[in-house]
Amino acid sequence: MTAAAPVITRFAPSPTGHLHVGGVRTALFCWAYARRHGGRFILRIEDTDQKRSSEDAALGILEDLAWLGIHWDEGPTWVPPHSAAVGLPPHSAAAGVPRHSVAELDSSSVGGDPRSVGPFFQARRLDVYNRYLDRMIEADLAYPAFDTAEELDALRREAAARKETFRYRRRPGYDRDAALRRFRAGEPCVVRFRMPDEPVRVTDAVLGEIDFTEEHLDDFVLRKADGFPTYHFAVVVDDELMGVTHVLRGQEHLNNTPRHVALQRALGFRTPVYAHMPLIFNADGSKMSKRDKDKAVRRAMPAAADTQASVMAATSLSPSDLATWLADKTRQLPTDALLSIARALDLSLPEIDVEDFRRSGYLPETLCNYLALLGWNPGLKNADGTDLERFDMAFLAEHFSLDRIGKSNAKFDRDKLLAFNQAAIAALDPDDFERRWREWCDRYDPELLALLGDRFALAARAVQPRIRTLGQCREPIAFALWPDDGVTFDEKAVEKHLRKGDPTGLAVLRDFLPTLESLADFTPDAIDGAAKAFCESRSLGMGKLAQPLRVAVTGSTVSPGLGETLALVGREGTLRRIIAALRLA
RNA sequence: GGCCCCAUCGUCUAGCCUGGUCCAGGACGCCAGGUUCUCAUCCUGGAAACCGGGGUUCGAAUCCCCGUGGGGUCACCA
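When we follow the working numbering, the leftmost residue of the first sequence carries the number 6, and every step to the right adds one.
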């Protein structure tokens with residue numbers, strides 16, 4: 006290893022909403038690359054679009070990243086909302102994968118500015134950009150342009166009519182002195198870059214060398230009329246000033262790269278290593294979009310006005326809000342409203358943002374693991390010869406490399422994510438699972454916490470092996486949430502397991518009842534032990550006792566293990582439910 | 001439409017750079033069995049792909065060209 010300049014990467018989201026999966030992967034790779042090379046990972050907020058950016062969104066992104074365990078070395082400081090360490094998930098190893106040790110800063114806050122290269126919100130760096138801009142105007146590398154939107158539109162239409170690409174270039178007769186006079190007088194205008202008339206070759210670590218000819222490069226805007234820099238300008242200036250050596254971003258930015266390279270040359274900046282990664286799409290091939298949630302609800306929305314009204318009752322939306330939303334497919338409803346409508350329609354929304362996945366109950370390490378595999382592959386084998394694809398953050402930090410990033414776009418496969426999540430949940434230490442489930446409930450389902458009370462630990466053991474996401478935890482133990490006299494019996498199950506058979510299930514239940522009444526501890530192990538002894542003493546198969554009990558206590562033939570099921574309902578509840586079932590004869 | 005990128009099972013991919021060991025391997029999903037008190041697990045087996053056409057070569061999934069298909073991008077958004 007040579008003593009080359011330290012690697013510095015950055016993730017630079019614009020704060021217009023929660024982080025979505027594409028952004029997560031970009032951040033993850035930037036993080037991993039910096040870690041792999043002992044470098045630094047910067048988080049920078051690109052809030053140069055005043056209309057769309059919000060502080061809330063920026064905060065949301067910080068929280069999303071922190072939750073995922075993608076911690077930035079430099080950037081806005083973020084402190085976990087509660088006490089230290091709570092918000093920072095420990096990255097336990099995925100199923101079957103040994104734990105990798107990594108030197109991870111375990112302080113409770115993330116971010117900071119040790120090199121004094123901030124601030125990290127671009128809106129607070131206008132003076133920086135203006136300094137460079139003034140210099141460029143002075144050198145005639147940039148110039149004020151006073152075209153109106155209408156004039157630009159007309160030019161664009163003309164080009165389209167000639168079947169040419171529209172490309173803005175400073176006209177030959179441009180009167181620089183006059184323009185500068187108007188500019189200094191404060192006349193509103195944009196400032197454009199004088200794109201040199203030469204081709205630009207972009208070298209990309211993933212895609213190789215790509216040539217762009219000058220006839221497709223234009224004098225793009227550096228500073229907007231509102232005084233804010235454009236993305237192109239801010240990104241180039243900031244990357245230079247912050248010492249960014251490697252730019253990892255989505256392929257949608259590939260066509261921007263020659264602009265950035267040309268700008269860097271004009272300013273005498275270094276050109277970082279670029280690595281453009283493939284895009285992520287929905288399973289149906291459509292682009293993943295925040296509007297997908299609206300789309301799903303729209304599709305499920307009943308046509309009749311009165312049913313619509315009842316669905317809307319759960320939200321604070323007015324009928325006119327609903328009407329405009331229904332009429333305009335580009336409109337989005339607030340997430341809260343979408344969620345309550347979805348609940349009313351018994352519809353599950355597609356997960357798009359990090360927050361969606363978190364709410365559904367995916368583990369952060371699963372999300373990172375799965376997303377890392379979308380467009381990257383370690384190219385290693387497990388001991389049994391299968392491909393290594395389950396790994397943790399430490400592994401990524403140790404093995405991530407640009408040359409194993411793929412070139413083709415990938416579809417997001419929820420089934421595989423689900424499989425990963427299930428395996429990761431199953432592999433958790435039971436106490437760890439309980440703790441993390443409790444945290445999830447705190448945030449998303451406090452009612453469940455209250456319903457379970459001191460049975461929570463018991464429920465955690467029962468639920469852990471049978472769920473794919475934390476959000477599914479109610480299902481396997483639904484029977485334990487009903488009142489003891491509120492069991493709804495599946496008639497077919499009652500017929501088969503209680504009324505029929507020789508002896509009938511009801512007879513077996515009656516026989517077993519005293520055992521349950523006198524059991525010293527009403528714990529899963531004690532119950533299972535007693536059940537087993539009971540069956541052995543009568544040469545009965547376990548199913549002959551277990552199924553009638555299950556039906557009596559839960560109403561159905563499906564539940565967690567017998568001991569867990571009865572213990573969850575409790576001795577008193579179990580006895581009451583059995584006695585009620587005996588009356589079904 | 002111009003420009004740019006991409007192309008292996010349904011999906012994610014390994015293999016491609018450094019042609020032969022590939023009648024193409026793994027994972028998820030699917031199908032069929034098996035274990036277990038049900039469920040979920042777990043185990044075993046199975047179906048399933050080199051986009052098409054030319055070339056180069058003794059030999060091509062691997063190299064080259066063309067075609068086709070998919071995607072990105074063409075803003076005072078990022």
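Beta carbons: idealized from backbone N, C-alpha and C, even for Gly.
| Asked | Found |
| --- | --- |
| CA-to-CA distance, T335 to P324, given in whole angstroms | 18 Å |
| Given 8 Å, three or more beta-carbon pairs between the segment 16-30 and the segment 352-369 | yes |
| Cβ contact (3+ pairs, closer than 8 Å) linking the segment 480-487 and the segment 562-580 | yes |
| Helix, strand or coil at W36 according to DSSP, with G and I counted as helix | helix |
| Endpoints, the beta strand (DSSP E) within which D216 is located | 213-217 |
| W592 and L475 closer than 8 Å at C-beta | The first residue shown for the chain is 6 and the last is 590, placing residue 592 beyond what the model contains. |
| Cutoff 7 Å; reference V211; Cβ partners in own chain excluding five residues on either side | A280, H281, M282, L407, I410, K412 |
| Rounded C-alpha distance that separates Y367 from N374 | 11 Å |
| Beta-carbon spacing of L227, T235 below 8 Å | yes |
| Straight-line Cα distance separating R581 from P508 | 22 Å |
| Which listed residue (S58, L70, W77) has its alpha carbon closest to that of G44 | W77 |
| The segment 429-446 contacting the segment 54-67, beta-carbon criterion three pairs below 8 Å | no |
| Outcome for S523 when other beta-carbon atoms lying within 10 angstroms are tallied against a minimum of 16 | exposed |
| Nearest-angstrom beta carbon gap, L423 and R473 [assumed within contact, 8 Å] | 5 Å |
| Y279, DSSP secondary structure in three states | strand |
| 8 Å CB neighbourhood of G380 in its chain, flanking five on each side removed | R30, M282, P283, I285, I410, G411, A415 |
| Rounded separation between P11 and S564 - CA only | 56 Å |
| Burial state of P193, where buried means 16 or more other Cβ atoms lie within 10 Å | exposed |
| Closest residue to D333 among R136, S121, R41, K300 (Cα-Cα distance) | K300 |
| Beta strand (DSSP E) segment containing W83, residue limits | 80-83 |
| Pair within 8 Å by beta-carbon distance, E60 and G116 | no |
| Three-way DSSP call (helix, strand, coil) for V26 in this model | helix |
| V84 versus L246: straight-line alpha-carbon distance, rounded | 26 Å |
| The segment 162-169 contacting the segment 249-258, beta-carbon criterion three pairs below 8 Å | no |
| Straight-line Cα distance separating D231 from V195 | 8 Å |
| Short Cβ contact (8 Å threshold) for A536 with A551 | yes |
| Separation of R40 from L110, as counted between CA atoms | At L110, the pLDDT of 42 sits below 50, so the modelled position is not reliable; the number obtained from the coordinates is stated separately. If I take the Cα positions, the gap works out to 12 Å. |
| Neighbourhood of S88 by C-beta, 7 Å cutoff - its chain only, sequence neighbours within 5 removed | With a pLDDT of 42 at S88, under the threshold of 50, the modelled position of that residue is not reliable, and no figure is offered here. |
| Three-state secondary structure assigned by DSSP to T235 | coil |
| Local conformation of F405 per DSSP, three classes | coil |
| Distance between beta carbons of I50 and F125, contact taken as under 8 Å | 6 Å |
| Residues near R1 in its chain [Cβ-Cβ closer than 7 Å; skip 5 each side] | Nothing in the structure corresponds to residue 1, since the chain is present only between 6 and 590. |
| Rounded straight-line distance, which links the Cα of E169 to that of Y137 | 33 Å |
| Distance between A147 and L185 (C-alpha atoms, nearest Å) | 11 Å |
| C-beta atoms of A267 and V205 nearer than 8 Å | yes |
| Nearest candidate by alpha-carbon position, reference E143, set R189, F274, C446 | R189 |
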